[in-house]
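Sequence order for the protein chains is A, B and C. Position in the first sequence (first residue = 1) + 2 = the numbering used here. Position in the second sequence (first residue = 1) + 400 = the numbering used here. Position in the third sequence (first residue = 1) + 40 = the numbering used here.
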Amino acid sequence: MKSNMATTVHTLPHDRLQEDVWRPLRETSTRYVITVLLVGAVALWGLFCWGYQIHKGIGVVGKNRPSMWAFYILNFVFWIGISHAGTLISAILRLTHAGWRKPVTRAAEAITVFCLMIGGLFPIIHLGRPWIFYYLIPYPNQRVLWPNFRSPLVWDLTAILTYLTGSVLFLYLPMIPDLAQLALHTTGWRRFLYRTLALGWTGSDREWHALERAMKLMAGLILAVAVSVHTVVAWDFAMAIAPLWHSTIFGPYFVVGAIFSGIAALLLIMAVIRKFMNLEAYLEPRHFENLSRLLFLMCLLWLYFTVSENLTAWYGNQPHEMQVFGTRVRGQYAPWFWLMVVCNFIVPFVLLGIRRLRNITTISISSVCVLIGMWLERFLIVFPTLAHPPLAAAWTTGYNPTWVEISIAVSTFAAMALLYLIFSKLFPIIAVWEYRYVPDE
Amino acid sequence: MGVSLVADQPKAAEHRWGMAIDLDRCTGCEACVVACHAENNLPVIEPAEAARGRTVHWIRVDRYYEGEFPDVKVKYMPVLCQHCDDAPCEPVCPVYATYHNPEGLNVQVYNRCVGTRYCANNCPYSVRFFNFFEPHWDSPLELQHNPDVAVRMVGVMEKCTFCVQRVQRGKRDAKEAGQPVADGAIQPACVQSCPAEAMVFGDLSDPESKVSRLAESGRATRLLEDLGVKPKVFYLQKAK
Amino acid sequence: MDRRNFFKIVSAASGGLVTGACGKRGEQLIPLLVADRDVVPGEESWQPAVCGECDAGCGVIVRVMRGERVIEVKGERLREPVACIKKVEGNPLDPVSGGRLCARGQAAVQGLYNPDRLRGPMRREGPKGQAVFRGIEWPEAVQVAVERLKRARERDPQGIVYLAGPQAGSRARNVRAFLEALGAPPPVTFSLADFPLERKAAETVHGWQGLPVYDLANARYVLGVGADFLGTWVNPVYYGRQYGHFRQGRDTVRGTLVQAESRLSITAQSADRWVPVTPGAEVFFLAALGKLLLDQSLARNAGVLPPAIAEGFRSLDLAAALKTCGVTEHRAREIAQELGRSEAPLVIAGTSEVHTNSLQALEAAGYLNVMLGNVGRPGGVLPPANDAANQRPAFTNVVPLIAKAQVLILDGVDPAYTLPAATGVRAALEKVETTISFGPFVNDSAAYADLLLPDHHTLEASAAVVPAVTPGSGVMVSTAFVQPLYTTRATEQVLADLAKAMEVEFQPIAARAVAQEIAGEGHAWDEIQQQGGFWAERQAEKAAPPKPAARGRAAAEPPRTLEVSAASFAGDAAQFPFHFQPYLSVQHLDGRGANLPWMQEMPDPTSSAMWGLPVEIDTQTAGKLGIKNGDLVRVESAHGRLDAPAYVHPGAMPGVLSMPIGSGHQHYGRYAGRGANPLAILAPVWESTTGALALGATRVRLAKLGPEKQLIQFAPIDREHGPWGYR
Ligand SMILES: Nc1nc2c(c(=O)[nH]1)N[C@H]1C(S)=C(S)[C@@H](COP(=O)(O)OP(=O)(O)OC[C@H]3O[C@@H](n4cnc5c(=O)[nH]c(N)nc54)[C@H](O)[C@@H]3O)O[C@H]1N2
Ligand SMILES: Nc1nc2c(c(=O)[nH]1)N[C@H]1C(S)=C(S)[C@@H](COP(=O)(O)OP(=O)(O)OC[C@H]3O[C@@H](n4cnc5c(=O)[nH]c(N)nc54)[C@H](O)[C@@H]3O)O[C@H]1N2
Ligand code: SF4
Ligand code: SF4
Ligand code: SF4
Ligand code: SF4
Ligand code: SF4
Ligand SMILES: [Mo]
């Protein structure tokens with residue numbers, strides 16, 4: 003294991019690193035252009051679908067009574083979950099001074115920002131009247147109308163906006179030295195862009211200290227915010243008295259799930275940029291190895307929470323909860339439930355648990371499985387409960403997503419890719435200065 | 401409209417509206433269901449949409465079969481908004497579009513509703529209905545619309561209001577007559593129509609009102625009582 | 041609303057009533073309320089009327105307010121103020137409806153404002169049955185009708201056939217007078233909701249004319265046999281009200297209801313016990329009860345039974361009878377004992393499902409009431425308060441009449457929908473030289489019409505209606521209080537126009553005259569009009585002394601015997617293993633409510649189906665044939681087949697398929713038409729004495745077609761706990 007995964011980056015001359023990392027900013031391949039056009043088209047299709055939905059009415063989606071929440075909320079939770087890839091992980095690694103984090107942090111932090119932007123859009127897409135989404139925002143007005151601060155949705159909005167602000171800062175602050183460097187080496191609009199964003203960074207000691215202190219502080223804060231965000235997302239469900247939603251375990255369960263899917267997403271994106279941006283030398287197998295250990299740990303934690311959740315429901319045997327539990331593990335939704343278990347536990351447990359099997363390919367496979375599994379987990383939380391409210395007379399035949407919902411969901415993946423592609427074209431995907439400035443421990 | 405909406409409200413409301421439904425009288429005829437449509441301008445949902453579970457019935461008659469042939473029994477239960485005193489639909493609404501009025505009604509403010517549908521998830525009785533599309537009436541069906549009741553637009557939640565327009569009118573009439581609201585003077589449309597007189601509406605804060613007496617009777621139960629949401633609809637069980 | 045307030049509003053409203061026939065300015069037509077509060081003039085008034093959604097004739101009050109409609113004048117869209125009907129409620133003064141209404145009555149206003157209503161007279165353009173019409177003006181319409189009637193009259197006045205709705209009152213009287221003036225035969229009726237057998241049995245057992253009135257409210261133990269009196273039998277509002285009182289209206293007494301029926305009807309669902317009876321074997325069950333009551337001396341009034349009848353009961357082979365009807369002896373004895381011991385026992389028998397031997401069952405039930413001594417007693421069976429025989433068209437099998445008609449007039453009936461295809465009714469309709477339809481809609485029968493002369497909607501019309509059942513004699517009146525929405529014309533008016541053009545002597549009798557006649561002198565018209573009718577005091581309260589049974593019968597008639605014989609069924613039992621029971625639905629009754637969107641989306645009380653009604657299949661049969669809820673199935677008789685979604689009914693009798701009537705119209709507007717018409721596949725089997733269609737006399741077979749999900753259910757789950765209940 004060690005033998006085939008051991009090359010190190012710090013022996014490389016810094017200039018070579020900068021060259022490799024900056025190359026994608028200068029050179030644009032046809033492959034890149036085609037990809038951008040492709041994902042751009044898909045993202046535009048999604049926008050069109052949303053327009054269509056607003057024009058026709060929210061009824062073009064498959065929701066009904068009692069399945070009032072569905073695809074959009076599920077995707078919301080999923081994206082917010084993945085958003086934990088970045089800031090949270092990078093903050094943990096920063097606070098624990100994990101030196102191997104260096105090539106990973108920026109890629110991760112960017113994921114967070116884009117996931118939040120996309121995830122945060124879903125609740126608005128989901129609204130019956132999205133054009134007045136701002137009623138949820140507490141702003142002073144002549145009618146003295148405030149949002150209801152008792153509503154988890156208002157907490158949600160606050161938490162997500164805070165997390166987004168924090169994440170943007172967290173991504174931006176450590177980018178400043180790189181931006182200043184870039185400004186020196188570019189011309190035209192790029193130079194203008196980088197210079198503006200570099201905020202006159204000169205690289206003085208005072209500035210470096212300030213940055214370091216800011217990053218420490220931010221890392222601590224963002225950790226708290228990230229945990230609270232997904233807890234609040236969990237509370238959207240747990241605060242409702244719907245069967246199997248009303249559970250104290252949901253907060254930590256969601257946080258664990260979020261980190262789980264976040265790491266998977268990060269690993270996957272790392273594998274992709276490693277391959278397509280030729281950064282094999284910097285994103286080393288050992289980085290994958292270390293992160294995959296974290297993934298493995300989350301996999302076990304996920305199992306623990308999943309067993310706790312379902313065992314208590316089953317043992318408690320309350321009729322209303324049993325309906326949901328039953329359809330989930332034995333009825334209509336059982337195939338999805340067991341597929342989720344395979345994706346979230348069996349596959350990563352085997353591929354990551356057995357050392358001989360662990361390499362970048364299997365780690366990527368595990369990550370894909372975990373992403374699918376975590377998507378299914380959200381599906382299994384949202385649907386069976388809503389379809390089986392306490393009074394059986396209100397159950398309907400179920401919910402099927404329509405082409406509008408599926409289009410919008412798919413297009414958000416394209417939007418994510420698009421944002422990432424644009425980002426990687428404008429900003430270095432690895433923090434170059436971290437190699438230069440901060441001594442390895 | 402004053403500056404403060406809260407300060408203008410009376411300290412202790414004079415009334416607390418509630419309902420009793422006698423399951424021993426109810427025949428499951430669903431006159432109440434149609435009466436509510438007529439009174440409250442409920443939208444007509446076309447078959448394709450009905451097949452998707454979007455029909456709107458502010459009051460529905462739940463029917464459950466018990467046992468197997470030939471010893472089969474049927475349980476009918478008209479279910480409308482229970483106007484829960486601790487209504488779980490209310491705190492979750494981010495914009496106060498659904499709230500508790502001083503007389504205990506769970507009220508829906510259509511103008512305010514942004515359509516999160518959270519309240520519907522949190523209503524254990526599944527009595528909240530959503531306008532998935534702009535409602536439509538084939539002309540001239542709209543001539544029947546009750547001008548006392550707003551037609552709801554696309555994207556907003558709606559539900560039984562205890563016929564708040566009739567409550568308001570009843571109070572106005574009593575005020576003009578200089579008398580207290582007489583027991584039974586206010587009848588929501590469903591109550592009014594029920595042939596078996598299975599439903600009784602009235603003031604729970606008046607211990608002498610018919611609904612109070614029925615709510616105190618040994619046959620009174622509340623739906624999903626263990627949830628503790630304190631519904632104000634009392635179901636009188638069949639008795640021998 | 042109490043009586044005092046009601047009077048105040050109605051009288052004030054009537055005081056300002058203006059009903060011009062073709063006023064230009066809508067404002068004039070708005071009833072002006074003299075506001076004694078801050079009610080704005082013209083804001084709202086309540087007007088009495090009569091519900092026309094079934095023939096029960098409940099009294100209603102109607103909320104009238106000012107509204108606006110969009111009209112087109114020379115290509116310009118204008119808003120025109122009109123008086124609009126906003127809500128229909130029961131008339132609190134009417135002892136029948138008592139201020140309550142059934143679901144169909146509530147929906148009447150959707151008939152008035154139905155987008156598919158006829159807006160004026162029309163002539164046929166396309167082939168018969170296709171419903172292709174062209175709008176014409178009234179003078180032309182009248183002229184054409186006159187031509188056709190004249191021609192028919194010259195040839196043979198017997199060729200003029202008038203099919204009317206069964207309602208008694210001013211309409212039937214006018215039609216009769218008109219036809220008399222033409223020298224044509226009197227109007228006849230054919231309706232699945234007319235209950236001719238019940239009338240016939242009341243006549244043979246008690247010598248009564250009309251439907252007996254059951255004093256359910258004061259009964260203590262009720263045995264219902266084949267009468268879905270809380271659903272669609274006679275008057276569900278009247279009996280529903282009584283039922284409420286029967287159960288919980290008395291301080292110390294709660295009535296017990298046992299319902300014997302071959303279907304778990306709404307009434308059976310509400311009963312304390314449901315006794316499933318083999319279809320068509322109700323008479324065996326009733327006769328067995330009679331025998332048990334007599335043998336065990338439980339019949340307190342056995343003495344007044346005609347000897348031949350008593351002998352008939354006594355000589356019954358109990359075991360064989362019970363075997364035929366499928367009721368255990370234990371259960372039968374239990375019921376006999378309970379009936380015999382009850383202070384106020386009552387047997388309510390009816391023909392919600394007509395069989396060839398139904399009259400026998402009704403007579404047996406009548407004699408049970410006689411021997412239980414409840415005839416004319418509170419809590420018993422009371423004589424009809426209205427002798428309305430001369431006010432209503434006679435019931436008859438109309439197929440032969442249509443076949444030989446030269447001019448066929450359709451008024452409130454839809455034979456093409458309500459009669460089995462095998463009767464050849466559609467072919468007969470096609471052959472009629474001239475068909476005139478007075479209905480406000482094009483239904484399956486009017487599609488064959490040559491001339492549509494649309495009547496006003498009942499809520500726009502003036503009428504006096506004699507209710508089918510009523511505790512005391514009475515009449516309901518409605519006076520036109522809103523301007524008709526379209527250029528429709530009251531049928532009475534059309535008849536008068538025709539008579540004038542044909543130069544025959546006919547003057548329509550006004551609702552007022554009919555009402556006045558029934559109310560008798562001493563009741564001012566104003567008062568009758570304001571109340572919405574006239575009602576004599578309730579009979580049960582007068583505590584009429586029990587009338588010895590059969591007293592009213594002419595002495596010359598030969599003594600009757602108790603007949604107990606098996607019903608006959610069409611279709612070989614081996615080939616067609618299932619009984620098929622179409623039944624009057626709560627939503628659409630005999631199909632006439634199918635054009636009302638509220639009725640289409642009202643969940644069926646049994647299956648929760650909306651927009652198209654299913655075949656109800658018992659769980660055993662469904663299991664055997666692999667049929668799941670919502671599957672498409674084919675029901676096939678020797679006379680036709682239908683494809684409809686299945687509802688797997690936990691309470692259906694094995695081997696008996698039931699299906700609510702109302703779906704599967706070929707015409708009747710945009711809301712009707714989904715689903716299948718169960719009547720179409722019936723065998724042309726008739727009850728022999730009355731000519732009533734034997735609804736339940738057809739045997740069928742059943743096959744699963746596929747899993748197409750045509751069934752739309754509001755609540756697909758019919759068990760309180762799902763499949764994943766307690767471990
Ligand atoms: N035709 C006609 N015109 C009238 C009247 C009438 O009866 N008929 N009445 C008159 C009277 S008395 C009045 S008071 C005025 C009222 O006139 P407006 O003030 O225009 O009243 P609304 O239409 O009820 O509501 C205004 C808007 O507020 C939005 N709203 C609700 N909650 C919020 C929130 O939290 N934030 C923001 N920004 N918007 C919110 C609603 O969605 C709605 O679009 O109209 C006057 N004009
Ligand atoms: N669902 C819903 N409800 C609302 C609102 C909403 O947007 N949606 N808006 C709210 C608002 S902002 C308002 S202001 C209220 C308005 O509510 P109301 O004050 O009830 O308003 P109106 O119904 O327009 O008028 C009241 C009465 O005054 C009568 N009137 C007219 N002129 C005169 C006169 O000269 N003298 C006297 N004595 N009476 C007269 C009218 O005929 C009418 O009967 O509604 C509130 N209620
Ligand atoms: S109208 Fe009355 S009897 Fe009929 S279903 Fe409603 S509550 Fe029951
Ligand atoms: S029944 Fe449902 S909608 Fe009504 S108050 Fe209770 S929780 Fe709210
Ligand atoms: S749907 Fe409307 S009423 Fe319900 S929670 Fe959302 S905003 Fe509030
Ligand atoms: S109280 Fe009024 S709004 Fe509520 S169900 Fe009855 S009729 Fe409908
Ligand atoms: S029973 Fe119903 S449909 Fe028939 S007259 Fe009465 S209210 Fe109308
Ligand atoms: Mo206002």
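Here a beta-carbon is modelled for each residue, glycine too, at the ideal position from N, C-alpha and C.
Under a three-way DSSP split, which group does C:R741 fall into? Position 701 of the third sequence holds residue 741 of chain C. Of the three classes helix, strand and coil, the one that applies to C:R741 here is strand, per DSSP.
Can you tell me which of the three DSSP states C:A649 falls into? Against the third sequence, residue 649 of chain C aligns to sequence position 609. DSSP places C:A649 in strand when its eight states are reduced to three.
Indicate the three-state DSSP secondary structure (helix, strand or coil) for C:H619 in the structure shown. Counted from its first residue, the third sequence places residue 619 of chain C at position 579. C:H619 falls in the strand class under three-state DSSP.
When Cβ atoms are compared, which residues of the segment 499–519 of chain B fall closer than 8 Å to chain A? R512, C513, V514, G515, T516, R517, Y518
Over what stretch of residues does the beta strand (DSSP E) that includes A:W377 continue unbroken? By 1-based counting over the first sequence, the position of residue 377 of chain A is 375. No beta strand (DSSP E) holds A:W377; the alpha helix (DSSP H) holding it covers 362–389.
How about C:A716 and C:G702: do their beta carbons lie closer than 7 Å? Stepping through the third sequence from its first residue, residue 716 of chain C is reached at position 676. Stepping through the third sequence from its first residue, residue 702 of chain C is reached at position 662. No; because the gap between Cβ atoms is not below 7 Å, this pair is not in contact.
C:G271: which of C:T738, C:P645, C:E108, C:Y261 sits nearest, CA to CA? Locating residue 271 of chain C in the third sequence gives position 231, counting from the first residue. Closest by alpha carbon: C:P645.
Using a Cβ distance threshold of 8 Å, determine whether the segment 261–268 of chain A contacts the segment 292–308 of chain A, with at least three qualifying pairs required. yes
Taking Cβ-Cβ distances below 7 Å as the criterion, which residues of the segment 421–446 of chain B are in contact with chain C? D422, D424, R425, T427, G428, C429, E430, A431, V433, V434, A435, H437, A438, E439, V444, I445
Anything with a beta carbon under 7 Å from a heavy atom of ligand 6 counts; list them all in chain order. B:C432, B:A435, B:C436, B:E439, B:N440, B:W458, B:I459, B:L480, B:C481, B:C560, B:T561, B:F562, B:C563, B:P588, B:A589, B:C590, B:V591
Look up C:L386 in the DSSP assignment and say whether it is helix, strand or coil. Working through the third sequence from its first residue, we reach residue 386 of chain C at position 346. Looking at C:L386 - three-state DSSP - the assignment turns out to be strand.
C:V415 CB to nearest chain A CB: under 7 Å? Taking the first residue of the third sequence as position 1, residue 415 of chain C is located at position 375. Judged by the 7 Å Cβ criterion, C:V415 is not in contact with chain A.
Would a check of beta-carbon distances place B:G602 closer than 7 Å to chain A? Translated into positions along the second sequence, residue 602 of chain B becomes position 202. Answer no: the Cβ-Cβ gap between B:G602 and chain A never drops below 7 Å.
Do you know how far the Cα of A:I243 is from the Cα of B:P488? Locating residue 488 of chain B in the second sequence gives position 88, where the first residue counts as 1. Locating residue 243 of chain A in the first sequence gives position 241, where the first residue counts as 1. Roughly 8 Å separates the two Cα atoms.
How many Å lie between A:I84 and B:V444 at the Cα? Walking along the first sequence from the start, residue 84 of chain A turns up at place 82. Walking along the second sequence from the start, residue 444 of chain B turns up at place 44. Their backbone Cα atoms lie some 42 Å apart in a straight line.
Under a CB-based cut-off of 7 Å, is C:Y283 close to chain B? Taking the first residue of the third sequence as 1, we reach residue 283 of chain C at position 243. Interface residue, yes.
Checking 7 Å against the spacing of the C-beta atoms, do C:S625 and C:Y687 come in under that value? Residue 625 of chain C sits at position 585 when you count from the first residue of the third sequence. Residue 687 of chain C sits at position 647 when you count from the first residue of the third sequence. Against a cut-off of 7 Å, the Cβ pair of C:Y687 and C:S625 comes out as no contact.
So that I know if they touch, is there some Cβ in chain B lying closer than 7 Å to that of A:I161? Along the first sequence, one-based indexing puts residue 161 of chain A at 159. Note on identity: in this sequence residue 161 of chain A is Ala, with Ile being the wrong assignment. No, its Cβ sits nowhere closer than 7 Å to a Cβ of chain B.
Quick one: list the residues of chain A neighbouring B:L480, beta-carbon separation under 9 Å, in chain order. Numbered from its first residue, the second sequence carries residue 480 of chain B at position 80. Result: empty, since nearest Cβ-Cβ is about 12 Å, beyond 9 Å.
Please give the ranges of any alpha helix (DSSP H) in the segment 208–250 of chain C, keeping only runs that are unbroken, at least 4 residues long and fully inside the region. 210–222, 236–246
Spatial neighbours of C:I375 in its chain, beta-carbon cut-off 7 Å, leaving aside the 5 residues before and after: As a working note, residue 375 of chain C is residue 335 in the third sequence. Within the same chain, C:I375 has close Cβ partners L263, V298, L329.
What does B:H457 touch in chain C if you count any residue whose Cβ is under 9 Å from its own? Here residue 457 of chain B is taken as the residue at index 57 of the second sequence, counted from 1. E641, M642, P643, F754, listed in chain order.
Under the three-state reduction of DSSP, which class applies to A:M300: helix, strand or coil? Working through the first sequence from its first residue, we reach residue 300 of chain A at position 298. In this structure, A:M300 counts as helix in the three-state DSSP scheme.
Can you find a CB in chain B that lies within less than 7 Å of the CB of A:A200? Here residue 200 of chain A refers to the residue found at position 198 when the first sequence is read from its first residue. False, the Cβ-Cβ gap to chain B never drops below 7 Å.
With DSSP as the reference, label C:Q706 as helix, strand or coil. Taking the first residue of the third sequence as position 1, residue 706 of chain C is located at position 666. Three-state result, C:Q706: coil.
Counting along the chain, where does the beta strand (DSSP E) carrying C:G264 start and finish? Position 224 of the third sequence holds residue 264 of chain C. It spans 261–265 - the beta strand (DSSP E) in which C:G264 sits, taken as one unbroken run.
Counting only the same chain and skipping the five closest in sequence on each side, list residues whose C-beta sits under 7 Å from that of C:E120. As a first step, residue 120 of chain C must be located in the third sequence, where it is residue number 80. So the qualifying residues of the chain are G66, E108, R109, I111.
Ends of the alpha helix (DSSP H) at C:G446? Position 406 of the third sequence, counted from the first residue, corresponds to residue 446 of chain C. The question names Gly, yet the displayed sequence has Gln at residue 446 of chain C. Run containing C:Q446: none; DSSP gives neither H nor E here.
Tell me, which residues are paired with C:H689 by DSSP? In the third sequence, counting from the first residue as 1, residue 689 of chain C sits at position 649. C:D658, per the DSSP bridge assignment.
Quick check: is any heavy atom of ligand 5 less than 6 Å from the C-beta of B:A497? Here residue 497 of chain B refers to the residue found at position 97 of the second sequence. Yes - ligand 5 has a heavy atom lying nearer than 6 Å to the Cβ of B:A497.
Mind checking if C:G691 is an interface residue toward chain B, Cβ cutoff 7 Å exclusive? Counted from its first residue, the third sequence places residue 691 of chain C at position 651. For C:G691, the answer is yes, since a Cβ of chain B falls inside 7 Å of its Cβ.
How far does the beta strand (DSSP E) with C:V298 in it extend, from its first residue to its last? For the purposes of this step, residue 298 of chain C is identified with residue 258 of the third sequence, where counting begins at 1. Note, C:V298: beta strand (DSSP E), 296–301.
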